[in-house]
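Q: The sequence shown begins at -17 in the working numbering and counts up by one.
Positions of the beta carbon are idealized from the N, C-alpha and C atoms, including for glycine.
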Amino acid sequence: MRGARAEKGRPHLFALCVAIVLTAATLLAGRSVAIQRERSMARALAPEIFPVKTQGLALQRAAAQAPDVLPLYGSSELLGPFFWRAPDFFRTAPTGFQVSGAGKAGASSLTMLQKIGALDRELRGKRVAVLLSSVWFLGRTTFYWYDGNFSRFAASAVIFNSGLDFHLKHDIAARMIQYPHTVEKSPLLAFALRRLASGKRLDHLAFCAIWPLGKMEDMILDLQDHFAALEALRGRESPPVFRPQKLDWTRLIAKAEQITMERNKQKHASTQAAEQRVMGSGDGWFREHMNRATEWVDLELLLRTLKEVQAQPLLISMPMNGPYYDALGISAAGREDYYNKLQALAQRYNFELVDFADHDDDPNFLDPHLTAKGWILFDRVIDDFMHDHVPRT
-17 MRGARAEKGR PHLFALCVAI VLTAATLLAG RSVAIQRERS MARALAPEIF PVKTQGLALQ
43 RAAAQAPDVL PLYGSSELLG PFFWRAPDFF RTAPTGFQVS GAGKAGASSL TMLQKIGALD
103 RELRGKRVAV LLSSVWFLGR TTFYWYDGNF SRFAASAVIF NSGLDFHLKH DIAARMIQYP
163 HTVEKSPLLA FALRRLASGK RLDHLAFCAI WPLGKMEDMI LDLQDHFAAL EALRGRESPP
223 VFRPQKLDWT RLIAKAEQIT MERNKQKHAS TQAAEQRVMG SGDGWFREHM NRATEWVDLE
283 LLLRTLKEVQ AQPLLISMPM NGPYYDALGI SAAGREDYYN KLQALAQRYN FELVDFADHD
343 DDPNFLDPHL TAKGWILFDR VIDDFMHDHV PRT
């Protein structure tokens, strides 16, 4: 009787195995199709910024693999103005390359490093541009902004699937657990972050024990990411035709400045001058808040990540809005401390940094984000970087 029952059960077991194999083969085939589609559309998607691209890794990876595409990470400045922002300006690769932007309002060093770290070896030897905002260093990234930019897949991949040094992962985890609600839906990731951040030997062993489970979860998230990308690519246009041309930067900068000045006249025509505070009266407040900002910790983690993945980064910092800070009594001498501290940190890692400090008092550079003039100057710096020229500001 037992033998007969065993014989009866074997066909069902065989059928289950066949079903599992066919399902796995179908998923892997679908993933392969998605990857091919992502790579073929990397140029077409370079100028576009949308959630699946910004929050996922598949399309960022495709951009990193494309030899004539520069990955660009930033925040709300990536959302405008149209034409002048780098992804639009280099849409047709006028000087031989495109720019693929990833980012949205509220992004910061901590969320950017998770995506860059998750891409890991895909960025080895790759040029990457990172946009920094000076306002990040005058406060704390709110839970709201961090939540809006948090990518569960990127966070999990940087912890479980990247080759980053364990000590770097420990420091990253210590910052990520400061936002515990972002990983509430992923108990495994939350557990791993706490074990990593602890630094204790037993917790290290516990992390190693669950590491295979994390890898398996990342495989599932990877499939979801590729299929989401495949769905997003439906109906997308073919890559734009490349139109090489010699750019007249002097003329473009003059045009962008004229546009910005006209817009500023319209915007400020009916505004009254704000009460001016005594110059220098706000320097103490500024230095205190700037020096203790946690963003410095996160920026150094970002630089360590870029160094470890062996990327070739260009760091571009928006200048401080001098006219605005002047009105608050924060002097140019006080603001100089920010530029000095930023330069010192970049030099420590031997990374190229352009801080546009010479535009600190330029009323046409920020409003409060990058204006047309601000962007065209960023574009020229990016073009110089891609062609191994000394960046001009």
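1. Is the beta carbon of Asp265 sitting closer than 8 Å to the one on Ser313?
2. Determine the contact status of Val51 and Gln18, defining contact as a CB-CB distance below 8 Å.
3. Any chance you could list the beta strand (DSSP E) runs of at least 3 consecutive residues sitting entirely within the region 103 to 153, in chain order?
4. Considering Cα atoms alone, identify which of Ser299, Ala315, Tyr306, Leu327 is closest to Trp357.
5. Counting only the same chain and skipping the five closest in sequence on each side, list residues whose C-beta sits under 7 Å from that of Tyr320.
6. Which residue wins for smallest C-alpha separation from Arg274, given the options Ile31, Ile241, Gly121?
7. Short of 6 Å in beta carbon distance, which residues of its chain neighbour Ala156, apart from the five on each side in sequence? Order them along the chain.
8. Can you check which of these residues, Arg109, Ala68, Ala84, is closest to Phe32 by C-alpha distance?
9. With which residues is Val51 paired in a DSSP beta bridge?
10. Measure the C-alpha to C-alpha separation of Asp365 and Tyr161 and round it to an integer number of angstroms.
11. Is there a C-beta anywhere in chain C that falls below 8 Å from the one on Met272?
12. Excluding sequence positions up to five away, which residues of its chain have a Cβ less than 7 Å from the Cβ of Asp340?
13. What do you get for Ala7, buried or exposed, if any count of 16 or more other CB atoms within 10 angstroms of its CB means buried?
14. In whole angstroms, what separates the C-alpha of Thr123 from that of Met158?
15. Got a sec, what are the start and stop residues for the alpha helix (DSSP H) Val34 sits in?
16. Under a Cβ-count criterion, where at least 16 other Cβ atoms within 10 Å of its own Cβ denotes burial, should Arg362 be classed as buried or exposed?
17. Hey, could you find the ends of the alpha helix (DSSP H) Ser91 is sitting in?
18. Can you list, in chain order, the residues of its chain whose CB lies under 7 Å from that of Ala46, leaving out five sequence neighbours each side?
19. Please go through the same chain and pick out, in chain order, the residues whose beta-carbon is closer than 6 Å to the beta-carbon of Gln96, but skip the five residues on each side of it.
A: Concretely, from the data shown:
1. yes
2. no
3. 109 to 114
4. Ser299
5. Ser116, Phe119, Met272, Met302
6. Gly121
7. Ala179
8. Ala84
9. Gln80
10. 37 Å
11. Among the chains of the structure shown, chain C does not appear; only one protein chain is present.
12. Thr375
13. exposed
14. 12 Å
15. 33 to 37
16. buried
17. 91 to 101
18. Pro53, Leu101, Glu104, Leu105, Lys108
19. Ala136, Ala137, Val140
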